[in-house]
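One structure is given here, and the rest of the page talks about it.
Here it is as structure tokens:
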């Protein structure tokens, strides 16, 4: 069958909505244009246009809409569970990966075909494929964006030149400027509507900078609401399998200590600086760095202003003048669609030596909690921010916004040794409980007991320590009276491919390798494998006939 017959599908306009007046500029390569390198490739007897060549990407991406148009069965996808991280640090959901033969320069006498390992991603984009460094290195390609050209050797060794489709490049670029709608997902069935003309119940303020709640240790069983505040919106959670008798016992214990739950930052007194405050140990030879202000889109600017307003109202930050250290803010979108303001403390962290305070192993928390019938998961309200900064170090945490420069009066996320300081506080507050009635890993706390009567006593001890040190809990992230073990929410799938690979590995390990005399004319490759106990190596020569 002719590879280029009329039956071949041409994939190019998955996102055709483009303002054509943007394309009136002369289309020609040169040093004064900044168009991306967009080419066409052939996959699965289909000509796929709008293929972006991206030397900054560490992966080759095939977008879901393109995958479906190629007519490939979804069953051919291999599960891909490793995290795929975007430019701004956000996680990208993947459908799996697939190996596909891809032909370059298919309409010329000379061409090149390689097998590319594509990660299939379901994302809104104006491109069909993104070719990253793995495929470009395999191709041996040299890319020149000023000339909008790419050179690489053909299958016969002749140098091939591919020129970019400049018109398609501009179409994709301007289409990508359109803002995609954001799907907002909420785990809570309660909806909080902000309306100036209506009286509403305010939700708990969200000042927690952690990016992904799904990475935290959580109970296996589901949970249900338990009202402990003055209105119906002020709730915490208990295990769904908790009996009504145990639920009543826990409710009475929580109602006696409801002052330990914070609903807004004003409910949070903060740790006494004489007990714990975060100090910056900066190397004497380090020179202060004031970062230049970076450009930011309108939506991000508005998110920064809203976050700064919250932090000012909470008393977490203050305006600062004449600071020598200055950092930019980076707005990152959380999985639930909310913006999270992070601070780029790269320069400040480089100037600070690492605090070697020992952090416990997360396995200790899980192992220590196993075997207990009743567990409670506790979470401090904006935990890091309950610890004050040392007054002389506050201005070193300064960050820049459009309106003013601010610095933190409390310990922010992002500082190099913040985790060590927080763990030091936890060990001090719960020194008599850790290992006996609770386990703590930085800001993960689990209270463990063998029966409900003992659990109430253990909770009373924990509450007493929290009140003594003026710490407050986040009711929306606490779960009381859980009866099942912990889990780390992480997908694990043992597929047929895994089983086949495991069998092959056992066969290879159980049989001696086939050795041959080395050929001095062929390059010898050394493969190393190193662990804590063993080091092994093998010399390999790759021959065409083998």
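Numbering (the numbering used here), first residue to last: 1368 to 1913.
Every residue gets a Cβ at the ideal spot worked out from N, C-alpha and C, and that includes glycine.
query                                                                                                                 : result
Whether residue 1650 touches residue 1756 by CB criterion (8 angstroms)                                               : no
Buried or exposed (CB count within 10 angstroms, at least 16 for buried), residue 1771                                : exposed
Beta-carbon spacing of residue 1741, residue 1688 below 8 angstroms                                                   : no
Residue burial classification, residue 1806 (beta-carbon count within 10 angstroms, cutoff 16)                        : buried
Rounded straight-line distance, which links the Cα of residue 1776 to that of residue 1680                            : 12 angstroms
Cβ contact check for the stretch 1523 to 1540 and the stretch 1425 to 1432: 3 or more pairs under 8 angstroms         : no
Nearest residue (CA-CA) to residue 1843, options 1592, 1492, 1507                                                     : 1592
Inter-residue Cα distance where the pair is residue 1752 and residue 1683                                             : 7 angstroms
Contact set for residue 1434: own chain, Cβ-Cβ below 7 angstroms, skip 5 residues either direction                    : 1487
Three-way DSSP call (helix, strand, coil) for residue 1482 in this model                                              : strand
Minimum C-alpha distance to residue 1638 - residue among 1735, 1840, 1744                                             : 1840
Buried or exposed by the 16-neighbour rule on C-beta atoms within 10 Å, applied to residue 1897                       : exposed
3-residue-minimum beta strand (DSSP E) runs that sit fully inside the stretch 1614 to 1666, ordered along the chain   : none
Inter-residue Cα distance where the pair is residue 1613 and residue 1622                                             : 14 angstroms
Cβ shell of residue 1907 (< 7 angstroms), same chain only, five flanking positions each side left out                 : 1892, 1894
Collapsed DSSP secondary structure at residue 1685 in the structure displayed                                         : strand
Three-way DSSP call (helix, strand, coil) for residue 1407 in this model                                              : strand
Residue nearest to residue 1594 in terms of C-alpha spacing, selected from 1618, 1438, 1900                           : 1618
Segment contact, 8 angstroms Cβ cut-off, at least three pairs: the stretch 1792 to 1808 with the stretch 1728 to 1744 : yes
Host alpha helix (DSSP H) of residue 1865 (start-end)                                                                 : 1863 to 1877
Residue 1609 versus 1603, 1406, 1590, 1598, residue with shortest Cα-Cα distance                                      : 1590
Secondary structure, beta strand (DSSP E): runs of 3+ residues fully inside the stretch 1810 to 1854                  : 1811 to 1816, 1846 to 1849
Inter-residue CB distance, residue 1413 and residue 1444 (contact presumed, cutoff 8 angstroms)                       : The Cβ separation is near 17 angstroms, so there is no contact.
Pair within 8 angstroms by beta-carbon distance, residue 1876 and residue 1627                                        : no
Where residue 1529 falls, given that 16 or more other Cβ within 10 Å makes a residue buried                           : buried
Where residue 1669 falls: helix, strand or coil (DSSP)                                                                : helix
Of the listed residues 1749, 1728, 1818, nearest to residue 1632 (C-alpha basis)                                      : 1749
Buried versus exposed call for residue 1366 [16 or more other C-beta atoms within 10 Å across all chains shown]       : An answer regarding residue 1366 cannot be provided, because it is not within the stretch 1368 to 1913 covered by the chain.
Beta-carbon spacing of residue 1497, residue 1424 below 8 angstroms                                                   : yes
Among 1647, 1655, 1828, 1477, the one whose alpha carbon lies nearest that of residue 1797                            : 1828
Coarse secondary structure for residue 1747, derived from DSSP in three states                                        : strand
Distance CB(residue 1726)-CB(residue 1694) smaller than 8 angstroms                                                   : no
Nearest-angstrom Cα separation, counted from residue 1471 out to residue 1440                                         : 23 angstroms
Through-space distance from residue 1648 to residue 1720, alpha-carbon basis                                          : 7 angstroms
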